[in-house]
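All remarks here apply to the structure that follows.
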Amino acid sequence: MTDPSSAPHPRVSEISTLVIGGGIVGTCLGGFLAGEGDDVAVIDAGWPAGSIANAGSIHVQMQSQFMSDYPQYIPRLERSLNLYRQAVPFWKRFQDDLGVDCELRITGGLMIAEDRRQLDFLSKKCRREVELGLDVAILTRPELAKLAPYLGPAVIGAEFCPAEGKVNPLLANTAIRRWANGRGAVLLHEEPVLRLELEGKAFRATTSRGIIRAGRVALAAGFASKDLAAQLSIELPAEADPLHMNITEGTTPFIGHLVQHADRPITLKQLGGGQVVIGGGWPAGLGTPGTIPIVKLSSIIGNVSLAQHIIPQIAQLRIIRTWAGINTFVDGCGILGRIDAVPGLFFAIPGSAGYTLGPLSARLVADCILGRDPSEDISACSVDRFSAP
Amino acid sequence: MSAMDDASEVGRLMAMEGRSMTGTVLLTFEGRQIEGRQGESLAAALMAAGERVLRVSRTGAQRSIFCGMGVCQDCLIEVDGRPNQRACMVKVDRPANIRRQRFGEERAVGMAPMPPRLIGDVAQEKPEVLVIGAGPGGLAAASAARRAGASVLVVDERPLPGGQFFKQVAVEAGGVPPDRQHREGRRLIKEVERAGVEIRRGIEVWGAFAPCELAVMQDGTIRIFEPRRLIVATGAYERAVPIPGWTLPGVMTTGAAQTLWRSYRRLPGQRVLIAGNGPLNLQVASELAAGGAKIAAVVETAPVPMPGSLHALARMFGASPRLVLDGLRYRTHLLRAGLPVLYGSTITRVEASGNALEVSVGASAAGPKSAAGRSFSVDVVCMGFGFHPSNEILRALGCEHDHDAMRGQFTTRLDAETPGKTTVAGVFALGDCTGLGGARVALAEGTLVGATVAADLGHRIPAELQRATQKAREDLARHRRFQAALWQFYAGPRLEFELAAADTVLCRCEEVTLGEVDAAIAAGSPSIGELKRATRVGMGSCQGRYCGPLVSAMLARQQGCELDERFCFAPRMPVKPIAVADIARRSSA
Ligand SMILES: Cc1cc2nc3c(=O)[nH]c(=O)nc-3n(C[C@H](O)[C@H](O)[C@H](O)COP(=O)(O)OP(=O)(O)OC[C@H]3O[C@@H](n4cnc5c(N)ncnc54)[C@H](O)[C@@H]3O)c2cc1C
Ligand SMILES: Cc1cc2nc3c(=O)[nH]c(=O)nc-3n(C[C@H](O)[C@H](O)[C@H](O)COP(=O)(O)OP(=O)(O)OC[C@H]3O[C@@H](n4cnc5c(N)ncnc54)[C@H](O)[C@@H]3O)c2cc1C
Ligand code: FES
Numbered sequence: 001m002t003d004p005s006s007a008p009h010p011r012v013s014e015i016s017t018l019v020i021g022g023g024i025v026g027t028c029l030g031g032f033l034a035g036e037g038d039d040v041a042v043i044d045a046g047w048p049a050g051s052i053a054n055a056g057s058i059h060v061q062m063q064s065q066f067m068s069d070y071p072q073y074i075p076r077l078e079r080s081l082n083l084y085r086q087a088v089p090f091w092k093r094f095q096d097d098l099g100v101d102c103e104l105r106i107t108g109g110l111m112i113a114e115d116r117r118q119l120d121f122l123s124k125k126c127r128r129e130v131e132l133g134l135d136v137a138i139l140t141r142p143e144l145a146k147l148a149p150y151l152g153p154a155v156i157g158a159e160f161c162p163a164e165g166k167v168n169p170l171l172a173n174t175a176i177r178r179w180a181n182g183r184g185a186v187l188l189h190e191e192p193v194l195r196l197e198l199e200g201k202a203f204r205a206t207t208s209r210g211i212i213r214a215g216r217v218a219l220a221a222g223f224a225s226k227d228l229a230a231q232l233s234i235e236l237p238a239e240a241d242p243l244h245m246n247i248t249e250g251t252t253p254f255i256g257h258l259v260q261h262a263d264r265p266i267t268l269k270q271l272g273g274g275q276v277v278i279g280g281g282w283p284a285g286l287g288t289p290g291t292i293p294i295v296k297l298s299s300i301i302g303n304v305s306l307a308q309h310i311i312p313q314i315a316q317l318r319i320i321r322t323w324a325g326i327n328t329f330v331d332g333c334g335i336l337g338r339i340d341a342v343p344g345l346f347f348a349i350p351g352s353a354g355y356t357l358g359p360l361s362a363r364l365v366a367d368c369i370l371g372r373d374p375s376e377d378i379s380a381c382s383v384d385r386f387s388a389p
Numbered sequence: 390m391s392a393m394d395d396a397s398e399v400g401r402l403m404a405m406e407g408r409s410m411t412g413t414v415l416l417t418f419e420g421r422q423i424e425g426r427q428g429e430s431l432a433a434a435l436m437a438a439g440e441r442v443l444r445v446s447r448t449g450a451q452r453s454i455f456c457g458m459g460v461c462q463d464c465l466i467e468v469d470g471r472p473n474q475r476a477c478m479v480k481v482d483r484p485a486n487i488r489r490q491r492f493g494e495e496r497a498v499g500m501a502p503m504p505p506r507l508i509g510d511v512a513q514e515k516p517e518v519l520v521i522g523a524g525p526g527g528l529a530a531a532s533a534a535r536r537a538g539a540s541v542l543v544v545d546e547r548p549l550p551g552g553q554f555f556k557q558v559a560v561e562a563g564g565v566p567p568d569r570q571h572r573e574g575r576r577l578i579k580e581v582e583r584a585g586v587e588i589r590r591g592i593e594v595w596g597a598f599a600p601c602e603l604a605v606m607q608d609g610t611i612r613i614f615e616p617r618r619l620i621v622a623t624g625a626y627e628r629a630v631p632i633p634g635w636t637l638p639g640v641m642t643t644g645a646a647q648t649l650w651r652s653y654r655r656l657p658g659q660r661v662l663i664a665g666n667g668p669l670n671l672q673v674a675s676e677l678a679a680g681g682a683k684i685a686a687v688v689e690t691a692p693v694p695m696p697g698s699l700h701a702l703a704r705m706f707g708a709s710p711r712l713v714l715d716g717l718r719y720r721t722h723l724l725r726a727g728l729p730v731l732y733g734s735t736i737t738r739v740e741a742s743g744n745a746l747e748v749s750v751g752a753s754a755a756g757p758k759s760a761a762g763r764s765f766s767v768d769v770v771c772m773g774f775g776f777h778p779s780n781e782i783l784r785a786l787g788c789e790h791d792h793d794a795m796r797g798q799f800t801t802r803l804d805a806e807t808p809g810k811t812t813v814a815g816v817f818a819l820g821d822c823t824g825l826g827g828a829r830v831a832l833a834e835g836t837l838v839g840a841t842v843a844a845d846l847g848h849r850i851p852a853e854l855q856r857a858t859q860k861a862r863e864d865l866a867r868h869r870r871f872q873a874a875l876w877q878f879y880a881g882p883r884l885e886f887e888l889a890a891a892d893t894v895l896c897r898c899e900e901v902t903l904g905e906v907d908a909a910i911a912a913g914s915p916s917i918g919e920l921k922r923a924t925r926v927g928m929g930s931c932q933g934r935y936c937g938p939l940v941s942a943m944l945a946r947q948q949g950c951e952l953d954e955r956f957c958f959a960p961r962m963p964v965k966p967i968a969v970a971d972i973a974r975r976s977s978a
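Each protein sequence line maps, in turn, to chains A and B. Heads up: the first sequence is residues 1 to 389, going by our numbering. Heads up: the second sequence is residues 390 to 978, going by our numbering.
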């Protein structure tokens, strides 16, 4: 099996569909389109972004941290909840298509509370999510002691969402690239699109290596889609959100679930190799465009000490690496589908837990591109929401 | 166990407490009682007791000390219930219960949670000048900056100052007095401390964050330094040459064996074979032989010295007669003791056979075929194939580096006019961490950089220091000439992974083999990052220090490019692994 990206760099000058951005969404999109006979190229700058840096948590329940930071976006978040719910079974089927075990494990996820106030918040959130059709429940301390004995004494209760879990992005990214290439998508790497213009009814992309003309363009470049869209006079409030991650050395598995906190930024889980991955939204510094974001000592201290506070058994493990990646922040919901103003232009920006939503989002956008009705309602994700009065 | 103090200070304190410095300390290893000597490392005590298997890896492989200097992380043991203690860095100073560390047993069962904390809770210091590394380079820099009036703090992760060249004797037991090199180091340390420089021992710098924020471990908790000027003098570590069997207990770097002897007066084993390239191997062979070891052979990749190399020798002599005489002395010792030096040869494989190691020796590309096919049965194999600069802190801070293809190392890009000035404001560097130059070069650079930093901070350079910098400039030129000639003298094929078989482990920590890396490159991992993600090569506890340079070279070669920083693992924090508890803990353990 040859990894596509190693092939001598192909020259593409005309293509039916050009997908700009080769993260999980762009690459999946390329694979889906190519699989149905479209002549498609996925072009990627090789810049730091979400898919190569993410923590591999499979998220479903609403992020309480996000809800308290951005109460104005809760309605948007609620409208995208169904996509999260559908994204998990989609990921499972997708992994089967890939034919590779990407360590996708639906273990269930716990959002823990340390005090009454946090538990009340979770209870309210839980009731609302049940109304919206989610399978979630509040667990008391004795129930947790049975389900998750590794949790420390600070935890008094939690919201449990059985649909959550984890996947190993290192394995998945490689598998997805091979799959997309195998289906006939051309993958262009380390080639940023510098300018995007309309040329008659088609598009003209000026890249670092030349000009590519395309009948259709899908923007799957995460936050960088904002600048590209601006060149076509479209306003896209997708912002770079640099985030911090930590990982420990491996040990025997003992943390079964995806663990989050009701009131503090943390996600924590154990990978197949026994490493504990600790993240959850601590900030990193943004470097100059195209360079890796800068790890902050303050985030290591805050994030890691919080992790041992809720799971004291990790105390003797050593942090072996930290890194930062750039997520894309919108408004609690992705930007998916077409835009009336520019026929042939599509958006494929998945929303904040975009690794979970990635394959499904790509499928839905592929349907739009192929002129079909997508299987899920994506009206909440329309780009038109930003221009509506 | 606490940080070590200077041996004599320990002695004074212990005399006050009514204990004897030469005293022994009872240790328990896996239930067996062994005797440690006050002041030595746990690794030294364990090796002396014949306990070489310290760690059992994920795949069940046995591991022991390799680097002997805190870099490889292969010597991890559990001390009094605390896992992940580096046997080579922990000092014997009280009875301890030691266990072999088996993969998967690192969990802290029953440990009480600590409250979460934020950066504001962490102790901070803002020294005027912070020097990382108390080797010859760091000490010389500290001394010069201090003499110009700067206030200077030196930190070093080792229990005793002196770095590699001036490593001090840490035990009084053993009965072998310090030699000239020890004494010279001791004078320098005293001089630096007398000038009013604070040297903090046992302080590991584990993080370096831009612009100039350093995170360290001190007394069981973390602490932050934000110096006005930073001087990095972190030295070098030994390069890896993977051969079949190089991860077996008993195979260690030449430097590891040297530290056992020079600092702790322990022999790594009775029958020793030393292999590699360069003058350190002869020196260590001669030292170990004098200490009572039986040196089976010194195996040198460079060809037999020829008339051409005598020319290099003459130039070395012109530059530094004393160093050449030292070298000849080691050589004569060995000849007199009847020890074979096999030139143009290399070890090709090590196999365990009972308690012994069977070593095969073959011709290196430079050698006659005569060496081929010989084998030796020994207790210990030392590998000394040269060094790589310890530039991880500099790289993390964003200082730029260039590849020196001739010497096969990355060198720190330094200002042509201002000694030690890196491409990052406020950060200065010198000595082996900027590119290998040896102790004499480090000393001279230290004086120049220390004075430069003091002047940069607005201090006036006294006449005495001006004279010293003038002399340092001359010394530097002379010792650079010496080094150039030395490396010409020792010019041999630079081995990388030529001797590794498909199933030879390249990445010691993650146990990734050459075959796996080859396959991933053939399958087209286009970048070093991809290769790492695809195979886990370089993802382990040593942070890719050993496999990184090999894999970078492989990848560059495969893509037909000159090696440069693009092919190196991106610098990542922490530069040394740090326990979750150490980050969370508020005060001393
Ligand atoms: C640290 C971190 C942890 C995360 N953890 C999780 C998690 O646990 N679970 C989860 O579901 N989600 C997580 N996320 C979010 C998730 O990673 C992202 O939402 C998702 O990967 C986005 O995928 P994408 O394909 O839309 O875009 P990205 O992966 O961001 O890819 C965009 C691509 O566009 C390319 N590009 C940009 N500009 C150009 C240009 N001009 N020309 C060509 N190419 C260009 C870039 O090179 C990049 O490869 C995390 C994100 C971060 C940063
Ligand atoms: C194992 C070994 C043995 C050697 N033996 C000899 C010899 O016998 N003769 C000879 O001529 N040359 C020897 N060398 C070469 C040696 O590097 C130089 O001769 C000389 O010591 C270089 O001086 P320096 O000041 O640049 O670095 P060093 O003397 O290496 O000093 C660097 C110091 O920095 C400290 N340090 C590094 N990283 C950190 C960190 N993250 N936190 C805190 N402290 C840190 C180290 O503990 C060390 O004490 C040896 C090198 C090695 C690696
Ligand atoms: S031998 Fe202790 S870290 Fe290498």
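Heads up, the beta-carbon is just placed ideally off N, CA and C, and yes, glycines get one too.
Selected residue, minimal CA-CA separation from residue i, among the options
i: Met772 of chain B; options: B:Gly727, B:Ala531, B:Gln647, B:Leu837; result: B:Gln647
i: Arg183 of chain A; options: A:Ser16, A:Leu29, A:Cys368; result: A:Leu29
i: Phe706 of chain B; options: B:Phe878, B:Leu415, B:Arg569, B:Gln855; result: B:Phe878
i: Val769 of chain B; options: B:Pro710, B:Arg421, B:Tyr719, B:Ser453; result: B:Ser453
i: Thr27 of chain A; options: A:Ala221, A:Glu14, A:Tyr73; result: A:Ala221
i: Arg117 of chain A; options: A:Val186, A:Leu170, A:Thr107, A:Ala158; result: A:Ala158
i: Phe223 of chain A; options: A:Gly344, A:Glu14, A:Ile294, A:Ile20; result: A:Ile20
i: Ala774 of chain B; options: B:Arg784, B:Ser766, B:Ala785, B:Ser753; result: Rather than Ala, the amino acid found at residue 774 of chain B in this sequence is Phe. For the residues B:Arg784, B:Ser766, B:Ala785, B:Ser753, the minimum Cα distance to Phe774 of chain B belongs to B:Ser753.
i: Val838 of chain B; options: B:Leu803, B:Gly827, B:Pro638, B:Glu853; result: B:Leu803
i: His244 of chain A; options: A:Cys161, A:Gly281, A:Arg85, A:Leu360; result: A:Gly281
Euclidean distance between Cα positions of residue i and residue j
i: Ala450 of chain B; j: Gln462 of chain B; result: 14 angstroms
i: Met641 of chain B; j: Arg475 of chain B; result: 15 angstroms
i: Thr858 of chain B; j: Ser51 of chain A; result: 52 angstroms
i: Met962 of chain B; j: Phe94 of chain A; result: 34 angstroms
i: Pro209 of chain A; j: Ala202 of chain A; result: The question names Pro, but residue 209 of chain A in the sequence shown is Arg. C-alpha separation (whole angstroms): 19 angstroms.
i: Thr107 of chain A; j: Thr207 of chain A; result: 43 angstroms
i: Phe90 of chain A; j: Arg105 of chain A; result: 13 angstroms
Those residues which DSSP pairs with residue i across a bridge
i: Pro342 of chain A; result: In the sequence under discussion, the amino acid at residue 342 of chain A is Val, which differs from the Pro named in the question. The partner list for Val342 of chain A (beta bridge, DSSP) is empty, contrary to what the question assumes.
i: Asn246 of chain A; result: A:Ile278, A:Thr322
i: Arg475 of chain B; result: B:Leu465
i: Pro778 of chain B; result: B:Ala625
For residue i, three-class secondary structure by DSSP
i: Val60 of chain A; result: coil
i: Tyr653 of chain B; result: coil
i: Ala664 of chain B; result: strand
i: Gln86 of chain A; result: helix
i: Gln270 of chain A; result: strand
i: Phe160 of chain A; result: strand
i: Asn486 of chain B; result: strand
i: Lys515 of chain B; result: coil
i: Trp595 of chain B; result: strand
i: His189 of chain A; result: coil
(message) If you measure from each CB to the nearest heavy atom of ligand 3 and keep those under 7 angstroms, what residues do you get, in chain order?
(response) B:Ala432, B:Ile454, B:Phe455, B:Cys456, B:Gly457, B:Met458, B:Gly459, B:Val460, B:Cys461, B:Gln462, B:Asp463, B:Cys464, B:Arg475, B:Ala476, B:Cys477, B:Met478, B:Ala645
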